[in-house]
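Enquirer: Numbering (this note's numbering), first residue to last: 1 to 650.
Cβ coordinates follow ideal geometry from the N, Cα and C atoms, glycine included.
Every value quoted in this text rests on a predicted model; they were computed, and no experiment measured them.
(1) Using a 10 Å radius around the Cβ and a threshold of 16 neighbouring Cβ atoms, would you call residue 134 buried or exposed?
(2) Residue 265 by DSSP, collapsed to three states: which one?
(3) Tell me which residue opens and which closes the alpha helix (DSSP H) that residue 195 is part of.
(4) Indicate whether residue 365 and residue 259 have their beta-carbon atoms separated by less than 8 Å.
(5) Rounded to the nearest angstrom, what separates residue 206 and residue 172 at their Cα positions?
(6) Does the distance from the C-beta atom of residue 158 to that of residue 274 stay below 8 Å?
(7) Please report the straight-line C-alpha distance between residue 476 and residue 106, rounded to a whole angstrom.
(8) Taking just the CA atoms, how far does residue 528 sit from residue 517?
(9) Assign residue 206 to one of three DSSP states: helix, strand, or coil.
(10) Which one or two residues does DSSP pair with residue 372 in a beta bridge?
(11) Is it right to say residue 402 is buried, meaning 16 or more other beta carbons lie within 10 angstroms of its own, or is it exposed?
(12) Using only the alpha-carbon positions, how far apart do residue 479 and residue 546 sit?
(13) Given a cut-off of 8 Å on the beta-carbon distance, is the pair residue 491 and residue 217 in contact?
(14) Between the C-alpha atoms of residue 119 and residue 235, what's the straight-line distance to the nearest angstrom?
(15) Taking residue 474 as the reference, give the member of 394, 255, 393, 525 with the closest Cα.
(16) Sorted by chain position, which residues of the same chain lie with C-beta nearer than 6 Å to residue 73's C-beta, five sequence neighbours on each side aside?
(17) Taking 7 Å as the limit between beta carbons, can you name the residues of its chain near residue 539, skipping five residues before and five after?
(18) For residue 96, report the span of its beta strand (DSSP E) as first-last.
(19) Here's the rule: buried if 16 or more other CB atoms are within 10 angstroms of the residue's CB, otherwise exposed. What is residue 404?
(20) When DSSP labels each residue in this structure, what does residue 680 get in the three-state scheme?
(21) Could you say which of 567, 559, 594, 554 lies nearest to residue 587 if we only look at CA atoms?
(22) Measuring alpha carbon to alpha carbon, tell me which of 147, 509, 87, 93 ends up nearest residue 386.
(23) For residue 317, I'd like the list of residues in its chain whose CB is within less than 7 Å of its CB, leaving aside the five on either flank, ordered along the chain.
(24) Using only the alpha-carbon positions, how far apart do residue 537 and residue 484 sit?
(25) I'd like to confirm the pairing. Which residues does DSSP put opposite residue 661 in its beta bridges?
(26) Let me know the beta strand (DSSP E) ranges lying completely inside the region 278-366, each 3 residues or longer, listed in chain order.
(27) Output yes or no for whether 8 Å exceeds the beta carbon distance between residue 496 and residue 247.
(28) Let me know the secondary structure DSSP gives residue 5 once reduced to three states.
(29) Alpha carbon to alpha carbon, what distance is there between residue 189 and residue 114?
(30) Which class does residue 270 belong to by DSSP, given the choice of helix, strand or coil?
(31) For residue 408, which of helix, strand or coil comes out of DSSP?
(32) Ordered along the chain, which non-local residues of its own chain (more than five positions away) have a Cβ less than 7 Å from that of residue 454?
(33) Ends of the alpha helix (DSSP H) at residue 237?
Rendered as structure tokens:
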């Protein structure tokens, strides 16, 4: 009996200890899960490095990251090339502007406004970024222009170009509030002649004019050759004067440091899955269920607002075949694996909006385990420090319509008419927050999209910050791959990054894929996507390698420069240290002598370092035994660090 009682007490003690352990784990999960999840990717990086640091540079690994030698001679040079007068204090007075839109539109509009101020010989009041005004519920510590950019750097960096002030003088500010000054709403295709003939007379008459910019641009992209200095001014604004505020720069550099821990490389990928872009090009059918309805609704809005003149219902598959729709993340993953990037390659996911959510990223995550973004590399506190102190918004409160009395219901029933009659429609119910997220809740219940709440407006402002951080990380990446760029509907994130990389470091690996050609390749092997023929893999590699050099730049030049100058700031903002006959681009001037000596020594040093890395590779990534029946042979995509065979049904 004593023995049995001891067993019972031991069992009871075990149960109590188990309960206490479970309680402790629940408390830990509640109060520290965020940080544990946030740093899971960073810890995974360390473990991955410890396991693979000796073998990470397998066959041809360094070739996936080395610079494009044919573009080494292309150097940034946006200084004035002709007589350039410093602006005088006495001029045609002031220009102010309200800028609407996201990160890309804001950046492009500011560059255009500086060029217009120079053209009109006017003083520019620092533009108001409407998405970051105090009315949006953001922190009072950062607001307006300073929410994104460094005001002091902006003013100092353009001292020799235009006069810039923070606000209008008091005598003009009161008149502005009373709307006594003319307001213009220019579009992105507006020529310089409009400002000379229409705006300048009004400016001289009233001393102040205002602009409202919603298209992301207010000056045409391609200016006549006689206005090359204005193109270079745009480059000086975008690539030198527009510096992010210190908090954004610090967080961006911290993410880069964590991505490059132990000397690893990383690739930045921007999916380009933005709702407005998908609607503009009619890509609704590449999604499923409610997402197609959301894209169609946005397209209907664009047609109603005369942004589009096309019909509502179009064949999305035809559009995708024309290269008008983004590459899906799964397709990008297959392309990168075909290029030879190993499964443990670090891929940074840029973009503050990914339409379709995490679901569309599942295939890419299956192929590349180190797919990360800012939320997996930073703690929640680090991200909130960027936002600043904000007032907590009240929880959304929903009220049900008052219930009717039995007497009232009976009266309505008696007055309803002869029987039989259909059942009454179900009563309206409120849209709860968890239903509204992702635009799901209102689709089935209302014909119009609900007005944004204060929380929605605040989140839009936050997206500017996340896009700025992603911009910094993408700019410094060892390789950049756009899922979609130069879409024709206005400035886009990928184009801005590609243009900045082309200006700062033209030889860095920036892929410029031809989506139309790649869709044809995918259609040719759609039944064997994960087990393509060897010839298909070689075609992908050949195309993507060509897209890195001057051939890819020339193709983009023909397609997209008319939409955004900052996406291809050449030849106006570049120079070459090569001889004129050896230069791959026409119209690019020779670099000054003081640049050439220093640049040539740096290029030779970097090339010698690359050559030493390539010599360590045992086998070229593209070298494989050939057979007579290569076209009929189906093989798995060759990977550098071969892992388990991919399941075609994944």
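Expert: Put simply:
(1) exposed
(2) coil
(3) Element bounds for residue 195: n/a, residue is neither H nor E.
(4) no
(5) 10 Å
(6) no
(7) 21 Å
(8) 18 Å
(9) helix
(10) 348
(11) exposed
(12) 15 Å
(13) yes
(14) 15 Å
(15) 255
(16) 576, 577, 578
(17) 521
(18) 94-99
(19) exposed
(20) There is simply no residue 680 to check, as the chain begins at 1 and stops at 650 in what is shown.
(21) 554
(22) 147
(23) 285
(24) 21 Å
(25) No answer is possible for residue 661: the residues shown for the chain start at 1 and end at 650.
(26) 346-349
(27) no
(28) helix
(29) 16 Å
(30) strand
(31) helix
(32) 137, 393
(33) Per DSSP, residue 237 belongs to no alpha helix (DSSP H) and is neither H nor E.
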